[in-house]
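Take a look at the structure below.
Residue numbers (the working numbering), protein chains in the order written: chain A, 130 to 424; chain B, 130 to 424; chain C, 130 to 424; chain D, 130 to 424.
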């Protein structure tokens, strides 16, 4: 199968279920919104087992408090871990940032369950000075900070969604592959209910061949720079560079749609040879996303 | 004492010792450098007990591999925790980001000890395909990734420095206080060997009065929005807003110099009433930084 | 009349008719789109008699060539001047910027007339190597550049709209006024068919009192810093700073809506005393926009 | 001659003399500095005959008024035009931007002559309310605006420097050429006394072959997209894309140094085939910069 003259391999991405919170951060200006969103979603990726990223910006005219905002998502595979992670990321990355507020942004019909703010480090931070108020048509905690009151919905919706939707961009030059990856990331960021952190240079396999105890190690079959030394390399002869795009989202459909849009965008860049995906024989989670099916 | 007509309270900031790593991240463009630096220093602050931030940009003409870069620092109070944190932040926030490399940026004469990359998740990620090479006049690990080789110095210097250098900006309006905080952050970022994450809205006290088991809770004495309800409030009558600036650095001198520059910058903004600092009766660490001494 | 406790003066803004072109610039990435949009709309304001600015971003999924884009507007009071200005700004600020294309973005039902690309410096730049092609469902010039073909619609729609819709934000501190101005600019940028360049510090009057031949001079009645010396000052006693917001748009309605949204946003910032507007006794153009009518 | 395996053609860039002003813009925050710098240097390039761009940022600790700043340059070939252009760009792009000030940044020993602010639209804007004051160790005009006083040095130094220092980056893919151009621009921006606006996609020749009266037209010999149709094409067989880098500076040495640094940076990007330069048989100005000499 070809798209814009780029070969799409007949293979599947192996995704897996993950619990996600989805919140709207608002602040007095977009700059402070972004500072908070970057802080609250930072320090993840790699071997962290945490997924977190910015989904989209929200206009001031569309936010509950009439201020500019940004929707972020936080994900973990286990429910308890997600509950703790979501609270911690708000406590560390939103509460301290000037002028922020936090709204539950999980659509009601998508909500599997709620995380209560009560008895979390966020509520406890109030030390008895916090109260629950009716504001913006919602029930919110109102917690005194040094720069004014911080507001947060009393509960935040969580949904079991899909993580690890992925595709690989294989290019004939590092520059073309990098540009295609950038273009694909931006196209995916236009899609609802999904997020992508960045292109990943470090494709990994589960465990190690040489270092048996390592949790995850470089996926040598996709490293163009050592292709000639690897017997079962998956690098086509013209390919010099590969980036992995990892898409997380609230549903299989939203992930598939975003992958489709991202793949399409990547193939518009001259110098891309092939699109494929990675899977691990079902070890990771058993949600198959066949590239040919979604395009 | 007054500076630019702003009262500087005769008090001290209570700082404490912390171990810091200091690394230079380079990449093909400044954009990717920044993406990596933000990721590697994100998700901290608040109650995380981790300090991490960007110190400064480095011109391509001043970096070992001739590419643009950025120096970041990562800090924790315990040596073992710092060692693990530094490696984890590089593994999660630098290795996966396109085209990055990592150099030890701790000056030799400031280095207390080294963290070896050997046997960490970074080296192990190579799964036997990594090697140590002489390049840029250094010994570096060369680890194959999908987009090329990732280089990192074989060891990273750590220094026991100073965390929690702080001052409070008290303003007569939220806007003036926020602007003063922004201006102070930027001025501090011009200083060497220190970093500041952002202005903190959530000043905290150790433990809680109402919630005894809470680790840290809002410092109600510095919350202008509830000043009238707090008997021992520290809020002067004209003050409407407070931000805390927290400066970390490699030495007491560098922290003091940065605080001085930050305080000076804050006082240039019309609408600032007072500068003070927070301390906790020596509970936290016993490094006193007297505001009047440093100005 | 009050909005969020801020007095809205019962006065009117004096606007005037202006011809506007509205184009969509696309490029391979949003960064290059922005570089082009900034270049094409730069160097205006002040005494230039040219209005130009960014209206909004356009998602790649909503643009004719599937690439990210940005809509800009260019305005002049005389038709001939606008025709020349629009072409010059595209020739200087879009054509040279890597990977750009240019689409007419004036809605058909709003178009008063078209500027033809034929025989302009843009077509002539092709030196006979250009051709007209059918692409993206449109007729476009295809002009060879060093980095590939540049595409531009064969004609660009122009509409006689409204310039100089304005309001003044008067604040009790420079910081609050500046923040309110920033917030108002961002809110206005969410509205369709209008643009605002930036807050203006330099309010002007037509002609000069001391310097009779000067085209425009400082509007001393609105300068808080010399209010005590000016007999007919318009500065209320608590006001320390004023910014003017100038809104241009394709119709009176779009300008009024944007002014309304901007005023509302400005009044949410603590420290704003009053909103008013400037007019010149009808000298400028005679389109009155009464503040009380639009709110 | 080769650099990083990229062929450097044995040819020369044709530069020409140009008059330049060099000013420092400061403001309360870097954001407003940048807004002003972009406005004051915008709308040039292409066929405008005006050169203008940002040279570098200036730390608050290094500026006369202790605020962050940015140095920009403005250039024109004729002295009178430069004098008028420099004033107009400050009047339109600096004066109206919140909180800005303007300092002469032409080093004394490089100054050929001064432009006086007296009797320009900048001084006249004061309408008699302006005065000359001693501040920051300089003589400056102090002009009342709505947000406070605007300060500008009473005279601005001008130097006859060099414009049009150029080189062409020829790449085997559009992505590689674009990345090399970005990297070269950033490297050049680290050099003193020079500026570069952006990579130029629209290489031009003086006059037209088909359209005799056109001022400048596409340089078809450097258009890869039509290379097969052009008999005397300069496009090597593997080249798919070309960008021109145009460097302006205060002296021949600074321009040459910046070109050297830019060329070196461009050649580090994989996929670059050749570096060359454009000249017009001496028609433009007769300052020859031989590529082999400067490397």
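C-beta: ideal position from N, C-alpha, C; glycine also.
A quick note: this is a predicted structure, and the numbers were derived from the prediction, not measured.
Does the structure place the segment 386 to 395 of chain D close enough to the segment 412 to 423 of chain D that three or more beta carbon pairs sit under 8 Å? yes
Complete alpha helix (DSSP H) runs within the segment 139 to 170 of chain D (minimum length 4 residues, chain order): 159 to 169
Where residue 201 of chain D and residue 316 of chain B are concerned, what is the direct C-alpha to C-alpha distance, given to the nearest angstrom? Taking the first residue of the fourth chain as 1, we reach residue 201 of chain D at position 72. Taking the first residue of the second chain as 1, we reach residue 316 of chain B at position 187. Approximately 21 Å, taken between the alpha carbons.
Residue 238 of chain B burial status per 10 Å Cβ neighbour count (16 or more: buried): Taking the second chain and counting its residues from 1, the one referred to as residue 238 of chain B is at position 109. Exposed.
What residue from A:352, A:143 and A:334 has the CA that sits closest to residue 484 of chain A's CA? The structure shown does not extend to residue 484 of chain A, since chain A spans only 130 to 424, so no value can be given for it.
Tell me the DSSP secondary structure of residue 316 of chain D in three-state form. By one-based count along the fourth chain, residue 316 of chain D stands at place 187. It is helical.
So if I threshold CB-CB distances at 7 Å, which residues from the segment 373 to 404 of chain B count as touching chain C? 398, 399 and 400
Could you work out which residues of chain B lie near residue 327 of chain A, taking near to mean beta carbons separated by less than 7 Å? Here residue 327 of chain A corresponds to residue number 198 of the first chain, with the count starting at 1. Residues of chain B passing the Cβ test: 164 and 226.
Listed from N- to C-terminal order along the chain, which residues in the segment 292 to 322 of chain D have their beta-carbon within a distance smaller than 9 Å of any beta-carbon of chain A? 300, 301, 302, 303, 304, 305, 306, 307, 308 and 309
Under 8 Å between C-beta atoms of residue 375 of chain C and residue 418 of chain C: Position 246 of the third chain holds residue 375 of chain C. Position 289 of the third chain holds residue 418 of chain C. Contact: no.
Can you list, in chain order, the residues of its chain whose CB lies under 6 Å from that of residue 139 of chain A, leaving out five sequence neighbours each side? Residue 139 of chain A sits at position 10 when you count from the first residue of the first chain. Excluding residues within five positions, the ones whose Cβ falls inside 6 Å are 421.
Beta-carbon proximity check, residue 193 of chain B vs residue 243 of chain B, cutoff 8 Å: Against the second chain, residue 193 of chain B aligns to sequence position 64. Against the second chain, residue 243 of chain B aligns to sequence position 114. Not in contact: residue 193 of chain B and residue 243 of chain B (Cβ atoms no closer than 8 Å).
Residue 349 of chain A versus chain B: which residues are under 8 Å apart at the beta carbon? In the first chain, counting from the first residue as 1, residue 349 of chain A sits at position 220. What residue 349 of chain A touches in chain B: 256, 258 and 273.
In this structure, does DSSP put residue 409 of chain B in helix, strand or coil? To locate residue 409 of chain B, count along the second chain from 1; it is residue 280. Of the three classes helix, strand and coil, the one that applies to residue 409 of chain B here is coil, per DSSP.
Assuming the contact rule is C-beta atoms closer than 8 Å, residue 328 of chain D and residue 314 of chain D should be a hit. Round their C-beta distance to whole Å, please. Position 199 of the fourth chain, counted from the first residue, corresponds to residue 328 of chain D. Position 185 of the fourth chain, counted from the first residue, corresponds to residue 314 of chain D. Contact flag correct, Cβ pair sits at about 6 Å.
According to the Cβ coordinates, are residue 377 of chain D and residue 292 of chain D closer than 8 Å? Along the fourth chain, one-based indexing puts residue 377 of chain D at 248. Along the fourth chain, one-based indexing puts residue 292 of chain D at 163. Their beta carbons are under 8 Å apart, which means residue 377 of chain D touches residue 292 of chain D by this criterion.
Residue-level contact to chain B via CB, residue 192 of chain D, 8 Å cutoff: Residue 192 of chain D sits at position 63 when you count from the first residue of the fourth chain. With 8 Å as the cut-off, residue 192 of chain D does not count as an interface residue toward chain B.
So what does DSSP say about residue 381 of chain D, is it helix, strand or coil? Working through the fourth chain from its first residue, we reach residue 381 of chain D at position 252. Residue 381 of chain D: helix per DSSP, three-state reduction.
Would you call the CB atoms of residue 261 of chain A and residue 270 of chain A closer than 8 Å? Numbered from its first residue, the first chain carries residue 261 of chain A at position 132. Numbered from its first residue, the first chain carries residue 270 of chain A at position 141. Yes; because the gap between Cβ atoms is below 8 Å, this pair is in contact.
Suppose contacts are defined by Cβ-Cβ distances below 8 Å. Is residue 426 of chain B in contact with residue 364 of chain B by that definition? Because residue 426 of chain B is not part of the residues shown, which for chain B are 130 to 424, the question remains open.
Starting from the beta carbon of residue 220 of chain D, find every residue of chain C whose beta carbon is closer than 8 Å, and list them in chain order. As a position in the fourth chain, residue 220 of chain D is number 91, starting the count at 1. Those within 8 Å of residue 220 of chain D in chain C are 175 and 176.
Can you check whether the CB of residue 346 of chain C is closer than 8 Å to the CB of residue 358 of chain C? Within the third chain, numbered from 1, the residue matching residue 358 of chain C stands at position 229. Within the third chain, numbered from 1, the residue matching residue 346 of chain C stands at position 217. No.
If you measure from the beta carbon of residue 362 of chain C to each beta carbon in chain D, is any gap under 8 Å? Here the question's residue 362 of chain C lines up with position 233 in the third chain. Closer than 8 Å: no.
Please check the pair residue 187 of chain D and residue 149 of chain D, which I expect to be a contact at CB under 8 Å, by giving their CB distance rounded to whole angstroms. Position 58 of the fourth chain, counted from the start, is the residue given in the question as residue 187 of chain D. Position 20 of the fourth chain, counted from the start, is the residue given in the question as residue 149 of chain D. About 17 Å separates the two Cβ atoms, so there is no contact after all.
Per-residue DSSP class, three states only, for residue 423 of chain C: On the third chain, position 294 is the one that residue 423 of chain C refers to. DSSP places residue 423 of chain C in helix when its eight states are reduced to three.
Is the CB of residue 170 of chain C under 8 Å away from at least one CB in chain D? Stepping through the third chain from its first residue, residue 170 of chain C is reached at position 41. Closer than 8 Å: yes.
Between the CA atoms of residue 321 of chain B and residue 130 of chain C - distance to the nearest angstrom: One-based indexing of the third chain puts residue 130 of chain C at position 1. One-based indexing of the second chain puts residue 321 of chain B at position 192. Cα to Cα, the separation comes out at about 52 Å.
Per DSSP, cross-strand counterpart(s) of residue 386 of chain A: Position 257 of the first chain, counting from 1, holds the residue named residue 386 of chain A. In DSSP, residue 386 of chain A forms no bridge with anything.
Within 8 Å, strictly: CB atoms of residue 388 of chain A and residue 371 of chain B: Stepping through the first chain from its first residue, residue 388 of chain A is reached at position 259. Stepping through the second chain from its first residue, residue 371 of chain B is reached at position 242. Against a cut-off of 8 Å, the Cβ pair of residue 371 of chain B and residue 388 of chain A comes out as no contact.
Flag residue 350 of chain B as yes when its Cβ comes closer than 7 Å to any non-hydrogen atom of the ligand MG, and as no otherwise. Absence of the ligand MG is noted for the structure shown, with no ligands found whatsoever.
Would you say residue 442 of chain D lies against chain C (beta-carbon separation less than 8 Å)? Outside the displayed range of chain D (130 to 424) lies residue 442 of chain D, so it cannot be described from this structure.
Could you compute how far the alpha carbon of residue 285 of chain C sits from the alpha carbon of residue 399 of chain C? By one-based count along the third chain, residue 285 of chain C stands at place 156. By one-based count along the third chain, residue 399 of chain C stands at place 270. So the alpha carbons of these two residues sit roughly 43 Å apart.
Which ranges does the beta strand (DSSP E) cover as unbroken runs of at least 3 residues, wholly within the segment 172 to 249 of chain D, from first to last along the chain? 180 to 187, 198 to 205, 230 to 233 and 242 to 245
Could I get the ranges of all uninterrupted beta strand (DSSP E) runs contained in the segment 271 to 331 of chain B, with 3 residues as the minimum, in chain order? 277 to 282 and 284 to 300
In chain A, which residues lie with their C-beta within 8 Å of the C-beta of residue 148 of chain B? Taking the first residue of the second chain as position 1, residue 148 of chain B is located at position 19. None at all; the shortest Cβ gap to chain A is about 18 Å.
Given that residue 188 of chain B touches chain D, what residues does it touch there, using C-beta distances under 7 Å? Mapped onto the second chain, residue 188 of chain B falls at position 59. Per Cβ cutoff of 7 Å: 319.
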